[in-house]
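Trainee:
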Amino acid sequence: MPSIKIDRRLFLYTAVTSTILSVGHSTDAGASVPGRVGWAIGCFNRPWTKWSFDVALDGIKAAGFGVTGLLSRTKDEPFIGSEATPEYLANLKRRIASRGLTANMGALRTKHDIPLEDSIRDARLQIDNARFLSLKYLLTFGVDQPAQYEHYYRVMTDAAAYSRERGLNLVMKPHGGSSASAAETLRSLEKVKHPNFKIWYDAGNIIHYTGKDPVEELKQIAPHVTGFCAKDCARQKGDVMIQFGAGKVNFKAVLATLKEAGFQGPVMIECCAPGDTPEVVDSHARANREFLERILRSL
Numbered sequence: 008m009p010s011i012k013i014d015r016r017l018f019l020y021t022a023v024t025s026t027i028l029s030v031g032h033s034t035d036a037g038a039s040v041p042g043r044v045g046w047a048i049g050c051f052n053r054p055w056t057k058w059s060f061d062v063a064l065d066g067i068k069a070a071g072f073g074v075t076g077l078l079s080r081t082k083d084e085p086f087i088g089s090e091a092t093p094e095y096l097a098n099l100k101r102r103i104a105s106r107g108l109t110a111n112m113g114a115l116r117t118k119h120d121i122p123l124e125d126s127i128r129d130a131r132l133q134i135d136n137a138r139f140l141s142l143k144y145l146l147t148f149g150v151d152q153p154a155q156y157e158h159y160y161r162v163m164t165d166a167a168a169y170s171r172e173r174g175l176n177l178v179m180k181p182h183g184g185s186s187a188s189a190a191e192t193l194r195s196l197e198k199v200k201h202p203n204f205k206i207w208y209d210a211g212n213i214i215h216y217t218g219k220d221p222v223e224e225l226k227q228i229a230p231h232v233t234g235f236c237a238k239d240c241a242r243q244k245g246d247v248m249i250q251f252g253a254g255k256v257n258f259k260a261v262l263a264t265l266k267e268a269g270f271q272g273p274v275m276i277e278c279c280a281p282g283d284t285p286e287v288v289d290s291h292a293r294a295n296r297e298f299l300e301r302i303l304r305s306l
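For the sequence shown, the numbering used here assigns the number 8 to the initial residue and increments by one for each residue that follows.
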């Protein structure tokens, strides 16, 4: 068999090019982002809540994601809720894995109009459920009523310690009330006073709940941010179920600010425009992913 002589420069060029392509791109849009940053982009189930969670899982996969989060509960889907049975949780884990997806977050929904010990007990049950599902993050939303702030801080102090012992990260997103803007968020961090209590930023919610500039608000808390819930919003109290770029969130400035602060991801898409069919929603979620990927490639 005749030998084939390969030019040394061609060999080196081919090897280097192949390495660059393998590092810079991935077939799993939820696990790796093309460009200069390696932040995962995932998608919550919220856009598909008019259909079953199984439809949502299929849509998230079809839209090109590898990572999802258990955000919007329904009467049929308690997710990590304290009422979830072991059988439900085991089946939920199988349903997610069967689509080749990974769930990274569960929404922690706590009660603050009940005795403190009951609220702590309920939160711990949810944390245990999240651990069974091999989640990484627990997402809390703060509370709306000032009379419940101190109760919330005490529950979160316990939850931060309890979840850390079990290998989970407790995070809070801007959602009005005790987490409305940077000032309230910093106060919550100070009150909880635990290294396992961090922030998942939500620029769209800053506009929706306060009307303030999300970039300026972010600059005050960026070192505490370990995740980004992506949604857009055009005005205070405005609709958030819209496509990225249709509102006032300057995504490039927000993501650049996070990068400067040493942010490592993840980025989780929470919203997109609605649709009459799951397939339409799939396409909207995919478009929002591609919108973010274009920005990340430019950073």
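Ideal Cβ placement from N, Cα and C applies to all residues, glycine included.
1) Quickly, what does DSSP pair Lys205 with across the bridge? List them, please.
2) Pull up the DSSP beta-bridge partners for Tyr144, would you.
3) By DSSP, does Phe60 sit in helix, in strand, or in coil?
4) Assign Leu142 to buried or exposed, taking buried as 16 or more other Cβ atoms, counted over all protein chains shown, within 10 Å of its Cβ.
5) Ignore the nearest five residues each way along the sequence and tell me which others in Arg131's own chain have a CB closer than 6 Å to its CB.
6) Run through the DSSP bridge pairs and tell me what Thr75 is partnered with.
7) When you compare only the Cα positions, how much space is there between Pro202 and Ala166?
8) Of the residues Glu300, Tyr95, Thr81, which one's Cα is nearest the Cα of Ile48?
9) Should the stretch 175 to 188 be called in touch with the stretch 147 to 163, which here means at least 3 C-beta pairs below 8 Å?
10) Give the DSSP-derived three-state secondary structure of Ser25 in the structure shown.
11) Please list, in chain order, all residues of the same chain as Ala6 whose beta carbon is under 8 Å from its beta carbon, the five residues on each side excluded.
12) Can you give the beta carbon distance from Leu77 to Ala114, rounded, assuming they're within the 8 Å contact cut?
13) Around the Cβ of Gly254, are there at least 16 other Cβ atoms within 10 angstroms (buried) or fewer (exposed)?
14) What did DSSP end up calling Ser39 once you bin it into helix, strand or coil?
15) Along the beta strand (DSSP E) that carries Val232, what are the first and last residues, could you check?
16) Taking the straight line between their C-alpha atoms, what separation do you get for Leu175 and Leu108?
17) With a Cβ-Cβ cutoff of 7 Å, do Thr117 and Val44 count as a contact?
18) Please report the straight-line C-alpha distance between Asp35 and Ile121, rounded to a whole angstrom.
19) Return the bridge partner residues of Ile276 from the DSSP annotation.
20) Work out the CA separation of Thr192 and Tyr208 for me, nearest whole Å.
21) Got a sec? Which residues, its chain only, sit under 6 Å from Met248 by beta carbon, not counting five neighbours each side?
22) By the DSSP assignment, the alpha helix (DSSP H) with Val222 in it spans what residues?
23) From which residue to which residue does the alpha helix (DSSP H) around Gly263 run?
24) How would you label Arg242, buried or exposed, when you count the other beta carbons within 10 angstroms and need 16 or more for buried?
25) In chain order, what residues of the same chain lie with their CB nearer than 7 Å to the CB of Phe270, ignoring the 5 residues before and after it?
Mentor: According to the structure data:
1) Within the sequence shown, the letter at position 198 stands for residue 205. In DSSP, Lys205 forms a bridge with Val178.
2) Looking up residue 144 in the sequence shown gives position 137. Paired residue(s): Met112, Asn176.
3) Locating residue 60 in the sequence shown gives position 53, where the first residue counts as 1. Phe60: helix per DSSP, three-state reduction.
4) Taking the sequence shown and counting its residues from 1, the one referred to as residue 142 is at position 135. Looking at its Cβ environment, which holds 16 or more other Cβ atoms inside 10 Å, Leu142 is buried.
5) Locating residue 131 in the sequence shown gives position 124, where the first residue counts as 1. If we look at Arg131 and ignore the five residues flanking it on each side, its Cβ neighbours are Tyr169.
6) Mapped onto the sequence shown, residue 75 falls at position 68. Answer is Cys50, Ala110.
7) The count along the sequence shown starts at 1 and reaches residue 202 at position 195. The count along the sequence shown starts at 1 and reaches residue 166 at position 159. Going from the Cα of Pro202 to the Cα of Ala166 covers about 12 Å.
8) As a first step, residue 48 is located in the sequence shown; it is residue number 41 there, counting from the start. Among Glu300, Tyr95, Thr81, the Cα nearest to that of Ile48 belongs to Glu300.
9) yes
10) Residue mapping note: residue 25 aligns to position 18 of the sequence shown, counting from 1. The predicted model places Ser25 with a pLDDT of 36, which falls under 50 and marks its position as unreliable; any figure quoted below should be read in that light. Helix.
11) Residue 6 lies beyond the range of the chain shown here (8 to 306); nothing can be said about it.
12) Counted from its first residue, the sequence shown places residue 77 at position 70. Counted from its first residue, the sequence shown places residue 114 at position 107. About 6 Å separates the two Cβ atoms, so the contact holds.
13) Taking the first residue of the sequence shown as 1, we reach residue 254 at position 247. Looking at its Cβ environment, which holds 16 or more other Cβ atoms inside 10 Å, Gly254 is buried.
14) Taking the first residue of the sequence shown as 1, we reach residue 39 at position 32. At Ser39 the pLDDT is 47, less than 50, meaning the model places this residue with poor confidence and gives no usable figure here.
15) Counting from one through the sequence shown, the residue named residue 232 turns up at place 225. 232 to 237 is the span of the beta strand (DSSP E), which, as asked, contains Val232.
16) Stepping through the sequence shown from its first residue, residue 175 is reached at position 168. Stepping through the sequence shown from its first residue, residue 108 is reached at position 101. Leu175 and Leu108: Cα-Cα distance of roughly 19 Å.
17) Working through the sequence shown from its first residue, we reach residue 117 at position 110. Working through the sequence shown from its first residue, we reach residue 44 at position 37. Contact flag unset, no.
18) For this step, residue 35 is matched to residue 28 along the sequence shown. For this step, residue 121 is matched to residue 114 along the sequence shown. Low confidence applies to Asp35: its pLDDT is 39, below 50, so where it sits in the model is not reliable enough to give any reading.
19) Residue mapping note: residue 276 aligns to position 269 of the sequence shown, counting from 1. Bridge partners of Ile276: Cys50, Ala237.
20) Working through the sequence shown from its first residue, we reach residue 208 at position 201. Working through the sequence shown from its first residue, we reach residue 192 at position 185. Their Cα atoms are separated by approximately 10 Å.
21) For the purposes of this step, residue 248 is taken as residue 241 along the sequence shown, with counting starting at 1. For Met248, where only same-chain residues beyond five positions count, the Cβ hits under 6 Å are Cys278, Pro281.
22) Along the sequence shown, read from residue 1 onward, the residue named residue 222 stands at position 215. From DSSP, the alpha helix (DSSP H) with Val222 extends over 221 to 228.
23) Within the sequence shown, the letter at position 256 stands for residue 263. Rather than Gly, the amino acid found at residue 263 in this sequence is Ala. Unbroken alpha helix (DSSP H) run through Ala263: 258 to 267.
24) As a position in the sequence shown, residue 242 is number 235, starting the count at 1. Result: exposed.
25) In the sequence shown, the residue the question calls residue 270 occupies position 263. Cβ neighbours of Phe270 beyond the five flanking positions: Val232.
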